[in-house]
Structure formats: structure tokens, C-alpha cells
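The opening position of the sequence shown corresponds to residue 512 in our numbering, with each subsequent residue numbered one higher. Beta carbons: idealized from backbone N, C-alpha and C, even for Gly. Presented below is the structure to which this report refers.
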Amino acid sequence: MYRILVVDDEPHIRSGLEAKVQQYGNDLLIVSGKSANGTNALEWLNSSFADICITDIRMPVMDGLELVKQINEKFSWVKCVIVSSYDDFSYAQQAIEMNVSDYILKPVERETLHRALENAISALEKSRMDRANQLLVDKMQRTRDMLSRWTELILTHQFDKYPLLVFDTLEMMEDWIQGDYYLLDALSAAWIQMVEKEVKRDVVTKVDIRDDELGFDSKSLPNDNARFYFRLVAIIRLEKSILQIFDQLKKSSQFENAKMINQVKQYIDLHYSDKFTTEDLADAIPISRSYLAVLFKQNTGQTVWSYLVEVRMKNAKLLLLDQKLKIYEIAHQLGYENSEHFSKLFKEYYGVTPKDYRRKIEMNVDIEEQ
512 MYRILVVDDE PHIRSGLEAK VQQYGNDLLI VSGKSANGTN ALEWLNSSFA
562 DICITDIRMP VMDGLELVKQ INEKFSWVKC VIVSSYDDFS YAQQAIEMNV
612 SDYILKPVER ETLHRALENA ISALEKSRMD RANQLLVDKM QRTRDMLSRW
662 TELILTHQFD KYPLLVFDTL EMMEDWIQGD YYLLDALSAA WIQMVEKEVK
712 RDVVTKVDIR DDELGFDSKS LPNDNARFYF RLVAIIRLEK SILQIFDQLK
762 KSSQFENAKM INQVKQYIDL HYSDKFTTED LADAIPISRS YLAVLFKQNT
812 GQTVWSYLVE VRMKNAKLLL LDQKLKIYEI AHQLGYENSE HFSKLFKEYY
862 GVTPKDYRRK IEMNVDIEEQ
């Protein structure tokens, strides 16, 4: 949410601007309707937080240009939009020199104001993200340590441990910002972007946070509450993001796991009569030997070698239908050098020896697979 302070000495114009701001969308909050000049605005900013200030340029007591100057010095995180009744180049030139986000003329059209707000929000987000990314670079050593914890937790699917990790990350970030609590939101967003790159997966998180979700029902944010508010925003952003990453990686890993299991089965189906080791099978996928064994067992409920025996036994039944083939020949075709070993496995699998199976087939006796 972005908090907007509107400053104008004419109440009806101020109300009109506030109404047009509210028509922009649900991401903006009008935080004060009582700022009639620069002095009022500065007094308000001394006690409450704002992201954007829309100010008239000509006002009594303190005009808009002086207000912008004071904001730049004291509240540098606030982006300013100047509104003027005078198409005067000198005013525009001074405003540009003060790095205002926009300079628009009265009467203010809704579309013009909304474009100015878009520009202000874009500039706001860029400046905060730039500063957040710079902090991550400056604190690289500690960043690496914490990033390693995140990647290990994510890639090992330790779903139950993320709350403590989020809290530790927030404490780390708060040490960096020197009281600029509004930076916690940008820092948490920059952190998640870095995590996404580190896990090297096609993961895109999108987290929208609204004040009603935080339990805030007041439009204004007193400076005394800023730390609590922005810590809460950062916690929710970090938690929602890591849960999205978990969810997307889970779906991705399920697909990848199923793909690898199918590859293993296809290899065994084609090479069941060959001599091969687990390492040969792992190299053909490719996958690590230890991970192959665990993955196959978790996803099929059986070991690689029990699946190999299953394939061989199913093919043995087909081969036994050919009365011309000797038992030892069938054993060799299945990959067994010892026919006695084959006969023992066949009996363990079907409850009868290969010879008895043939007799029962000739007598049309059904054999129930065990």
C-alpha cells in the first residue's frame, strides 16, 4: 500500500484531488485531508508516514517548492508531484531541479493525475529496490551465509523450518537499515529475487499485501508504529514467497521425478536381459546412484532390482509358452546365467517352478499370481 499526502490551500481542490487519487485503485491510501500549506504538511510528516506528496505550488505560509525542498532534506523517501495553475517555465524548471516526480497543471484531469501517480510509484519502487540491492551487495558475506540456509531449506524441502528462517532474515535486514523501516519491504522483495536465482528453478513469486490483511484499519501510519508495520509487511512477504516457492518446486519436482522414474522403467524394459549395474542405470538417465535408489523406492514402493525381477518374470511367462525353448535357454534370454537360480526366483514369484507352470498351461489350469 502507498500512502498519499495531498497539500492544497483550497479545500474543494484538495478534496477533488483526493477523490481522483482514490479512483486510481486499491493500492493507494489518502492519509490526510487537512494539509492547507507546506507548514501543515511538514508538521504532519513529523508524526506520520507517507510515500507520495501531491502539492499545490502556490500556497500561503509555505509554498509547494519550499515544501518539496524541505521534504527532500528531511523525508527523502517521499516522492513529490507538483500541481500548478500557472504554466510558468520557471516553476517547472525549479521543480525539475528538485527532482520532483511530475509537474502537472490545473485543472487536473483524472488521467493526467493517474499517469503522474504511476510515474511516482515507479520511481519510488526503483529507488527503494536499488537501495535494497546495494545493501545486499554491501553485506555480501552475511548475505551468503543466510542465502545458504535458504537454499538448503528449500532444496531439501524442510517445510516446517521456514518460520525461524524468516525471523532470522528479518533480524539481519533490520540491522542494515538504520531506522529506515520502509526499506524492509523492498529488502524482502530483493531477497526473494536473489533466492529464486540461487535455487536455479523457473520460479516466479507474486505477493500482494494489503493493510486489511495486516489488521490495520487506519489510513494513517504514525511514525511510532512504522517499525511494527514494516516488519509485519516483510514477514508476510517472505513467508508468502517461500510458500509459493515450495509449492511450485513441489509441482516441478513431482513432474521431474515422474519423468525420471519412467526413464528408469523404459531402460529396464529394453535392457532387462543385459548385465548392468546401478551405476550404469544412473549414468543412462542421468542421475546420482544414491538418489536413483531413494527416488525409485519412494515413487514406486519397490527397489530397482525388484522391478527388474518383475519385468523378467513377466517375460518369462511369455517365453515359457514356446515349448521349443529349454528352461536354461529362457534363463539366458532373461539375463540369468544359472537356470537353477532362475527357477528359484520364478517359484518365489509365482509359487510354481517354470516346468510346473508349463504343465499347468498345457492342462489349461489358471495360475494365480502372488
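Among the options, whose alpha-carbon lies nearest the alpha-carbon of residue i?
i	options	result
Y868	L829, S633, Q844, D538	L829
L681	Y602, R742, A603	R742
D722	A737, Q704, V744, E709	V744
M651	M640, L666, M683	M683
K730	E521, A700, D538, P522	D538
V518	V592, K585, F586, E584	V592
L536	M512, L856, N736	The displayed chain sequence assigns Gly, not Leu, to residue 536. Comparing Cα-Cα distances from G536 to each of M512, L856, N736, the minimum goes to M512.
A697	I632, L754, L732, L725	I632
M570	G549, R621, F586, T623	G549
V820	I841, L831, L845, Y692	L845
K590	A634, L725, Q605	A634
I747	I703, H782, D785, T788	I703
I565	Q605, I524, Y597	I524
D641	Q755, A701, Y783, E584	A701
Q759	K825, E521, S784, F670	F670
With DSSP collapsed to three states, give me the class of residue i.
i	result
I515	strand
V710	coil
V542	strand
K590	strand
Y847	coil
S784	coil
T680	helix
P797	coil
S526	helix
Y614	strand
T566	strand
P571	coil
For residue i and residue j, what's the separation of their Cα atoms in angstroms?
i	j	result
E790	Q777	16 Å
F757	L694	25 Å
V706	G690	25 Å
R639	E685	15 Å
K580	I568	12 Å
R655	T662	10 Å
Y802	Y673	24 Å
W555	S659	43 Å
K762	K717	17 Å
W588	D562	7 Å
Y847	H668	41 Å
T864	H843	16 Å
N849	I838	10 Å
H852	K858	10 Å
N736	Y692	10 Å
L831	K751	59 Å
R800	E724	47 Å
F727	L553	24 Å
E521	K708	51 Å
H625	E636	16 Å
A804	F739	48 Å
D794	H782	14 Å
L664	I796	26 Å
I720	L676	20 Å
F678	L732	23 Å
In its own chain, which residues sit with a C-beta less than 7 Å from the C-beta of residue i, not counting the 5 before and 5 after it?
i	result
Q734	The residue you asked about is not Gln; residue 734 is Asn in the sequence shown. Contacts found: S558, S559, F560.
N768	L806, N810
H666	The sequence shown places Leu at residue 666, rather than the His named in the question. Excluding residues within five positions, the ones whose Cβ falls inside 7 Å are V710.
E880	Bear in mind that a pLDDT of 42 at E880, under 50, signals an unreliable position, so the number given afterwards is only what the model happens to contain. Answer for E880: Y861, listed in chain order.
Y602	I568, S595
D785	G846
Skipping 5 residues on each side, what residues in its chain have a beta carbon closer than 8 Å to that of residue i?
i	result
F807	I772, V775, Q813, T814, V815, Y818
D780	V822
I798	M771, L806
E873	none
A827	I841, L845, F853, F857, P865
Could you pull out every residue in the same chain whose Cβ sits closer than 6 Å to the Cβ of residue i, ignoring the five residues on either side in sequence?
i	result
I515	V532, L539, I541, I563
D613	V592, A627, N630
F586	L556
R621	K531
| query | Per the contact definition of three or more C-beta pairs closer than 8 Å, is the stretch 540-553 in contact with the stretch 609-616? | reply | Segments in contact, no.
| message | Three or more C-beta pairs under 8 Å: does that hold for the stretch 575-592 against the stretch 528-543? | response | no
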